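Take a look at the structure below.
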Amino acid sequence: MTPEDSRTTPVEAPSPDTTTEMSHAEDRDTEAKRRGGTPMKLATSTDRRPPPAEVNAPGISLRDINAYYGDSHAIKGVSLEYAPNQVTAMIGPSGCGKSTLVRCINRMHEEIPGAHAEGEILLDDLDINGADVDVVAVRRAIGMVFQKPNPFPTMSIFDNVAAGLRLSGARGVDMRERVERSLIGAGLWEEVKDRLNQPGVGLSGGQQQRLCIARTIAVEPDVILMDEPCSALDPIATLKIEDLIQELKERYTIVIVTHNMQQAARVADTTAFMLLGELVEHAPTGKIFSNPGDSRTEEYVTGKFG
Amino acid sequence: MRPDRGSPRSGAPRPAVQFAGEAVAPAGLRPVSNGRRRSDTVARAVVLVFTLIAIVPLVAILYWLLKEGLGAWSKSFFTTDPTGRFLGDPGGIRSAIFGTIEMVALASVIAVPFGVGVALYLVEYGKASRFANVVRYFVDVMTGVPSVVFGLFVYIVLVVTKVAGTFAAWKGSVALALLMLPVVIRSAEVVLDLVPNSLREAALALGAPRWKVIFKIVLPTALPGIVTGSLLAVARAAGETAPLLFTAAFVLGTSGDLSQRMNSLPLQIFNDVGQAQDRLVQRAWGAALTLVVMVLLLTLVARLIQRRSKLAP
Chain R
12 MTPEDSRTTP
22 VEAPSPDTTT
32 EMSHAEDRDT
42 EAKRRGGTPM
52 KLATSTDRRP
62 PPAEVNAPGI
72 SLRDINAYYG
82 DSHAIKGVSL
92 EYAPNQVTAM
102 IGPSGCGKST
112 LVRCINRMHE
122 EIPGAHAEGE
132 ILLDDLDING
142 ADVDVVAVRR
152 AIGMVFQKPN
162 PFPTMSIFDN
172 VAAGLRLSGA
182 RGVDMRERVE
192 RSLIGAGLWE
202 EVKDRLNQPG
212 VGLSGGQQQR
222 LCIARTIAVE
232 PDVILMDEPC
242 SALDPIATLK
252 IEDLIQELKE
262 RYTIVIVTHN
272 MQQAARVADT
282 TAFMLLGELV
292 EHAPTGKIFS
302 NPGDSRTEEY
312 VTGKFG
Chain F
414 MRPDRGSPRS
424 GAPRPAVQFA
434 GEAVAPAGLR
444 PVSNGRRRSD
454 TVARAVVLVF
464 TLIAIVPLVA
474 ILYWLLKEGL
484 GAWSKSFFTT
494 DPTGRFLGDP
504 GGIRSAIFGT
514 IEMVALASVI
524 AVPFGVGVAL
534 YLVEYGKASR
544 FANVVRYFVD
554 VMTGVPSVVF
564 GLFVYIVLVV
574 TKVAGTFAAW
584 KGSVALALLM
594 LPVVIRSAEV
604 VLDLVPNSLR
614 EAALALGAPR
624 WKVIFKIVLP
634 TALPGIVTGS
644 LLAVARAAGE
654 TAPLLFTAAF
664 VLGTSGDLSQ
674 RMNSLPLQIF
684 NDVGQAQDRL
694 VQRAWGAALT
704 LVVMVLLLTL
714 VARLIQRRSK
724 LAP
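Those sequence lines, one after another, are chains R and F. 12 is the number of the first residue of the first sequence in the numbering used here; add one for each residue after it. 414 is the number of the first residue of the second sequence in the numbering used here; add one for each residue after it.
This is the structure we're talking about:
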């Protein structure tokens, strides 16, 4: 399927309530209704495509985040706003803390021995770093795609996508329908629909990464964090993932860590530049790459260091 | 540079662009000296001789086992109990085979869940904590403890104190389980360590609680390795004599009652070898061959399961 199929349905068209034979676009509309029936946002007039049906995802506010690995101070007082339904790219040289910061957002840093973080992370006014917040619920709302594709080796393609729902104990979900919808959403359905029972690790690297994205969106998070999702992939697989990110932002707020500045320029609405654990600049991507406000940003994006 | 085999250009003269100095070896890249060639040859010969010497006893054991043991094998050898009569038919080893299977099975039921549980604690929760390291140290020490010590321990704790009678098969199983435990823990820990952290992270990031990550992701991924390690521990326990000597003692008849004394293959061999009759010594050989074949089958199954593992060794 091509990305265009999904964008041909007019926004105001009434969507059918029967969802048995769902096309991708209808799928989106019913999805929007189910998740609160929010009014569709109109895209800017310069957008060539008809405005797609959107789901209003929450934004994230970071307030004065500090993170430590043992004694080393990895993130130094970063405050940052991730706008809803936008792609925010995190760029910066290796070791600048961008991956660490992103892991803090769904508290995956707690899995690293000796790491701890302080500060407020507000997901729609709820501080997910709060003492009585269930980390499992946080991760259900904020999904993550990792650098290396990591499908579960003991599971089939179908089971990989269903894994998140099964692992988080979801009940009353039509598993087949959700798996199909997630695979369609990840642009993998056409390639795997005839071999859903084959092992997930038998796919190519790029397919595996899209499988991981399907697995992530199957649990219907609000936010998707991507930690260098394309760094292990070839250019064609990378392009597919980038197209996918453009589609996904209609329903999710997306944060993507990348080493590849062209990639940031291609996919991101805003870009944040980090250096030595500090946030140097966060601005619309066009501004970061053409007219950055900070000389260090300019030196980095023009390739003078990093 | 790799020659571009199969391309239409192969055979054509090399392209003009070459690495500078490709033809001239830089200074210092001299050929291997004769001295080093000689020491290489000698070293290879020495380790080869060591290897040949080492396999001589291994081959000899198998040879004698087959030569003496196969002669003892017959249908009645497997289907009758030892009679214990000094004259006449000495009987077969049925009770010993069943006893070994029963006691080792009970020992596995005790040792494998405990062992895997300890390994899960060490890998998933204890990690590098002080307590986990102390446990690891004790497990290592226990791996090296002679089996007779486990037998003595159970003898003192369960037999001498007359806990539910004196000698009993289940007490032998406890001794075997103690023997198996460190082996199971160690092998399971190694396999669990091999499960890539990225899988745990992927599952956690999907919003899975930790216990589900362990039961649905980590254990299934590690399962073939855990089964293999456990089977090897079972194979080791099956051949132990000393832990059973003071715990399950010796009896002639076949029994399914684990609270009574029970025969076993190692004890049968132990008893028969000491007898003055050739027929009984012959029976010992037959029993030894039976034991080796059983262990061999277990090992074979373990290898087959290991091959299905998706974890890199």
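Backbone N, C-alpha and C define an ideal beta-carbon position, used for all residues, glycine too. Quantities reported herein were computed from a predicted structural model and do not represent experimental measurements.
request  = Determine the contact status of Val291 (chain R) and Tyr93 (chain R), defining contact as a CB-CB distance below 7 Å.
outcome  = The residue given as residue 291 (chain R) occupies position 280 in the first sequence. The residue given as residue 93 (chain R) occupies position 82 in the first sequence. No, Cβ-Cβ distance for Val291 (chain R) and Tyr93 (chain R) is not below 7 Å.
ask   = Helix, strand or coil: how does DSSP classify Lys315 (chain R) here?
value = Within the first sequence, residue 315 (chain R) is the residue found at index 304, counting from 1. Three-state result, Lys315 (chain R): coil.
key: Residues bridged to Tyr534 (chain F) (per DSSP)   = By one-based count along the second sequence, residue 534 (chain F) stands at place 121. Per DSSP, none; premise fails for Tyr534 (chain F).
ask   = Among R:Leu244, R:Met237 and R:Lys251, which has the Cα closest to the Cα of Arg98 (chain R)?
value = Residue mapping note: residue 98 (chain R) aligns to position 87 of the first sequence, counting from 1. Before going further, note that residue 98 (chain R) is Val rather than Arg in the sequence given. Of all alpha-carbon atoms in R:Leu244, R:Met237 and R:Lys251, the one lying nearest the alpha-carbon of Val98 (chain R) is that of R:Met237.
inquiry  = Below 8 Å, how does it come out for the stretch 616-631 of chain F and the stretch 149-158 of chain R: are there three or more Cβ pairs, yes or no?
reply    = The stretch 616-631 of chain F is in contact with the stretch 149-158 of chain R.
task = Kindly list, in the order they appear in chain F, the residues whose Cβ is closer than 7 Å to that of Arg151 (chain R).
result = Here residue 151 (chain R) refers to the residue found at position 140 when the first sequence is read from its first residue. Under the 7 Å cutoff, chain F gives Gly620.
task = Can you say whether Asp11 (chain R) is buried or exposed, counting buried as having 16 or more other CB atoms within 10 angstroms of its CB?
result = Here chain R comprises residues numbered 12 to 317, so residue 11 (chain R) is not present and cannot be evaluated.
query = With a cut-off of 7 Å, does the C-beta of Ser611 (chain F) fall near any C-beta of chain R?
reply = One-based indexing of the second sequence puts residue 611 (chain F) at position 198. Chain R contact via Cβ: present.
message = Along the chain, where does the beta strand (DSSP E) containing Asp238 (chain R) start, and where does it finish?
response = Reading the first sequence from its first residue, position 227 is the one you call residue 238 (chain R). Going by DSSP, Asp238 (chain R) is part of the beta strand (DSSP E) stretching over Val234 to Asp238.
Within chain R, partners of Thr634 (chain F) - CB distance below 9 Å = Position 221 of the second sequence holds residue 634 (chain F). Correct list: Phe163, Pro164 and Thr165.
inquiry  = Using C-beta distances below 6 Å, list every residue in its chain close to Ala635 (chain F), excluding the 5 sequence neighbours before and after it, in chain order.
reply    = As a first step, residue 635 (chain F) must be located in the second sequence, where it is residue number 222. Cβ within range, chain order: Val604, Leu605 and Val608.
ask   = Interface residues of chain F around Phe157 (chain R) at Cβ under 7 Å?
value = As a working note, residue 157 (chain R) is residue 146 in the first sequence. Simply Ser611, Glu614 and Ala615.
key: Contact set between Ala518 (chain F) and chain R, taken where Cβ atoms lie within less than 8 Å   = Sequence index remark: in the second sequence, residue 518 (chain F) carries index 105 (1-based). One finds nothing in chain R with a Cβ atom closer than 8 Å to the Cβ of Ala518 (chain F); even the nearest lies about 27 Å away.
ask   = Which class does His127 (chain R) belong to by DSSP, given the choice of helix, strand or coil?
value = Here residue 127 (chain R) refers to the residue found at position 116 when the first sequence is read from its first residue. When secondary structure is reduced to three states using DSSP, His127 (chain R) falls in the strand class.
message = Quick check on the burial criterion: 16 or more other C-beta atoms within 10 angstroms. Buried or exposed for Ile468 (chain F)?
response = Position 55 of the second sequence, counting from 1, holds the residue named residue 468 (chain F). Exposed is the call here.
query = By Cβ distance, which residues of its chain are closer than 7 Å to Glu191 (chain R), with the 5 residues on each side in sequence left out?
reply = Locating residue 191 (chain R) in the first sequence gives position 180, where the first residue counts as 1. Beyond the five residues adjoining it in sequence on each side, Glu191 (chain R) comes within less than 7 Å, by CB distance, of Trp200 in the same chain, given in chain order.
query = Can you tell which of F:Gly504, F:Leu478 and F:Leu479 has the C-alpha that lies nearest to the C-alpha of Lys488 (chain F)?
reply = Against the second sequence, residue 488 (chain F) aligns to sequence position 75. Comparing Cα positions, the closest option is F:Gly504.
inquiry  = Check this for me: beta carbons of Gly512 (chain F) and Met675 (chain F), under 7 Å apart or not?
reply    = By 1-based counting over the second sequence, the position of residue 512 (chain F) is 99. By 1-based counting over the second sequence, the position of residue 675 (chain F) is 262. Yes.
task = Between the Cα of Val517 (chain F) and those of F:Ser542, F:Met707, F:Val548 and F:Arg449, spot the shortest distance and give me the residue it belongs to.
result = Along the second sequence, one-based indexing puts residue 517 (chain F) at 104. Nearest C-alpha to Val517 (chain F): F:Met707.
ask   = Is there contact between the stretch 591-601 of chain F and the stretch 682-700 of chain F, where contact requires at least three CB pairs shorter than 8 Å?
value = The stretch 591-601 of chain F vs the stretch 682-700 of chain F: no contact.
task = Report yes or no: is there a C-beta of chain R within less than 7 Å of the C-beta of Lys584 (chain F)?
result = Here the question's residue 584 (chain F) lines up with position 171 in the second sequence. Not one chain R Cβ lies under 7 Å of Lys584 (chain F).
key: Cβ of Val234 (chain R) within 7 Å of any chain F Cβ   = Indexing the first sequence from 1 puts residue 234 (chain R) at position 223. When Cβ-Cβ separations below 7 Å define contact, Val234 (chain R) makes no contact with chain F.
query = Going along chain R in order, which residues have a C-beta closer than 9 Å to the C-beta of Lys540 (chain F)?
reply = Translated into positions along the second sequence, residue 540 (chain F) becomes position 127. Those are Pro124, listed as they occur along chain R.
ask   = Does Pro726 (chain F) get closer than 7 Å to chain R when you measure Cβ to Cβ?
value = On the second sequence, position 313 is the one that residue 726 (chain F) refers to. Any reading at Pro726 (chain F) needs caution, since the residue's pLDDT is 46, under 50, leaving its predicted position unreliable; the model's value is listed next. No, Pro726 (chain F) does not count as interfacial toward chain R.
key: C-alpha gap between Pro303 (chain R) and Glu309 (chain R), whole angstroms   = Counted from its first residue, the first sequence places residue 303 (chain R) at position 292. Counted from its first residue, the first sequence places residue 309 (chain R) at position 298. Roughly 6 Å separates the two Cα atoms.
query = Using the C-alpha atoms, what's the distance from Thr111 (chain R) back to Lys298 (chain R)?
reply = As a working mapping, residue 298 (chain R) is identified with position 287 in the first sequence. As a working mapping, residue 111 (chain R) is identified with position 100 in the first sequence. If I take the Cα positions, the gap works out to 25 Å.
message = Please report the straight-line C-alpha distance between Phe683 (chain F) and Asp553 (chain F), rounded to a whole angstrom.
response = The residue labelled residue 683 (chain F) in the question sits at position 270 within the second sequence. The residue labelled residue 553 (chain F) in the question sits at position 140 within the second sequence. If you take the alpha carbons of Phe683 (chain F) and Asp553 (chain F), they lie about 29 Å apart.
For Ser83 (chain R): DSSP bridge partner residues = For the purposes of this step, residue 83 (chain R) is taken as residue 72 along the first sequence, with counting starting at 1. In the DSSP assignment, Ser83 (chain R) forms a beta bridge with R:Tyr80.
query = Can the beta-carbon of Phe284 (chain R) be found less than 7 Å from the beta-carbon of Gly103 (chain R)?
reply = Stepping through the first sequence from its first residue, residue 284 (chain R) is reached at position 273. Stepping through the first sequence from its first residue, residue 103 (chain R) is reached at position 92. For the pair Phe284 (chain R) and Gly103 (chain R), the CB atoms are nearer than the 7 Å cut-off.
inquiry  = Could you check whether the Cβ of Ile265 (chain R) sits closer than 6 Å to any heavy atom belonging to the ligand ATP?
reply    = Among the ligands in the structure shown, none appear at all, so the ligand ATP cannot be discussed.
task = Compute the Euclidean distance between the alpha carbons of Leu565 (chain F) and Asp685 (chain F), then round it to the nearest angstrom.
result = As a working mapping, residue 565 (chain F) is identified with position 152 in the second sequence. As a working mapping, residue 685 (chain F) is identified with position 272 in the second sequence. Answer to the nearest angstrom: the Cα atoms are 23 Å apart.
query = On the premise that Ile247 (chain R) lies in contact with Ser193 (chain R), defined as a C-beta separation below 8 Å, what is that separation, rounded to the nearest angstrom?
reply = Counting from one through the first sequence, the residue named residue 193 (chain R) turns up at place 182. Counting from one through the first sequence, the residue named residue 247 (chain R) turns up at place 236. Ser193 (chain R) to Ile247 (chain R), Cβ: 22 Å. No contact.
inquiry  = What are the residues in the stretch 200-221 of chain R lying within 9 Å of chain F by C-beta distance?
reply    = Correct list: Pro210 and Val212.
query = Mind pulling the chain R residues with CB within less than 9 Å of Ile639 (chain F)?
reply = Residue mapping note: residue 639 (chain F) aligns to position 226 of the second sequence, counting from 1. Near Ile639 (chain F) there are no residues of chain R at all, since even the closest Cβ is about 13 Å away, more than 9 Å.
ask   = Which residues of chain R have a Cβ atom closer than 7 Å to the Cβ of Ile630 (chain F), listed in chain order?
value = Taking the first residue of the second sequence as 1, we reach residue 630 (chain F) at position 217. Per Cβ cutoff of 7 Å: Phe163.
inquiry  = Against Met119 (chain R), what residues of chain F qualify as contacts under a CB-to-CB distance less than 8 Å, listed in chain order?
reply    = Residue mapping note: residue 119 (chain R) aligns to position 108 of the first sequence, counting from 1. Residues of chain F passing the Cβ test: Glu614, Leu617 and Ala618.
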